[in-house]
Amino acid sequence: MKKFLFLSVLALSLTMGSSSKAAVLDTLLLYFPNRAVDFMDTFSVCLGFGPAAHGHIWATRALGFGGGVGATAQVVKEINRQYGTALADGWESSFMVISAEDKKLSEATRGVKDYYYYSTGIPLPDEPIYDFYNGARDYWSFGAHVALLGELQLEFHPVELADFITGFFFIDLKGDDFTSDDLRM
């Protein structure tokens with residue numbers, strides 16, 4: 030009876046669908062590249078040049094200090110794997126939990142998302158621009174934005190850090206790990 034159960038389990042495991050075997054193989058082969066990309070996702074950098082003046086820091090979009098105004102041409106490495114260039118224009122101001130902004134990102138290249146965002150009061154994480162998987166901006170980020178002709182914006186993404194850490198245990202919180210299908214042309 031023990032031999033029959035063992036052979037049954039062995040036969041069942043050998044006849045498992047090829048898609049589950051491919052998923053396991055993808056996970057193992059792309060484990061280290063996915064961890065490296067997940068680590069790179071933990072921060073964003075935007076460099077720009079143009080007539081602008083900014084001095085703004087925030088600990089999530091709900092709590093910030095500062096503001097600015099101007100227009101810049103930017104090189105972008107942003108949340109949700111947005112890489113490329115864009116034109117930014119508008120103004121922003123924040124004091125504690127109250128903020129107002131009128132910003133537009135346009136003429137974007139590659140994977141950078143164009144957007145227009147106008148808000149007054151307290152920003153909320155359920156707005157489409159802050160969508161967890163596809164949003165143009167990260168509601169939960171910590172960052173700083175300074176500009177005086179030249180522009181630098183740096184952000185740290187705690188949610189992406191959680192995705193990076195859980196990835197070591199084969200848990201993909203953001204659902205953004207690469208598979209072999211992503212590598213095929």
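Counting from 1, position 50 in the sequence shown corresponds to residue 79 in our numbering; the numbering is continuous, with no gaps. Glycine is no exception: its CB is placed at the ideal position from the N, C-alpha and C atoms. Please read all numbers here as calculations on a predicted model, not as lab measurements.
Separation of L134 from P157, as counted between CA atoms: Your numbering for residue 157 matches position 128 in the sequence shown. Your numbering for residue 134 matches position 105 in the sequence shown. Those two C-alpha atoms are separated by around 15 angstroms.
Check whether the stretch 163-183 touches the stretch 82-99, taking contact to mean three or more Cβ pairs, one atom from each stretch, closer than 8 angstroms. yes
Using only the alpha-carbon positions, how far apart do P152 and Y144 sit? Locating residue 152 in the sequence shown gives position 123, where the first residue counts as 1. Locating residue 144 in the sequence shown gives position 115, where the first residue counts as 1. Whole-angstrom Cα-Cα distance: 16 angstroms.
Measuring alpha carbon to alpha carbon, tell me which of L92, L54, I127 and F72 ends up nearest V105. Within the sequence shown, residue 105 is the residue found at index 76, counting from 1. Looking at the Cα atoms, F72 is the closest of the given residues.
In the DSSP output, which residue or residues are listed as bridge partners for E180? Here residue 180 refers to the residue found at position 151 when the sequence shown is read from its first residue. DSSP output for E180 lists G77 and A176 as bridge partner(s).
Quick check on this structure: which residue in N63, Y162 and I194 has the alpha carbon closest to the alpha carbon of Q219? Lying before the first or after the last residue shown, residue 219 is absent from the chain, which here runs from 30 to 214.
Which residue's Cα is closest to the Cα of A165: C75, L59 and I108? Here the question's residue 165 lines up with position 136 in the sequence shown. Of the candidates C75, L59 and I108, the one whose C-alpha sits nearest the C-alpha of A165 is I108.
Please give the ranges of any alpha helix (DSSP H) in the stretch 52-101, keeping only runs that are unbroken, at least 4 residues long and fully inside the region. 60-69
Span separating the alpha-carbon of K203 from that of S128: Position 174 of the sequence shown, counted from the start, is the residue given in the question as residue 203. Position 99 of the sequence shown, counted from the start, is the residue given in the question as residue 128. Those two C-alpha atoms are separated by around 28 angstroms.
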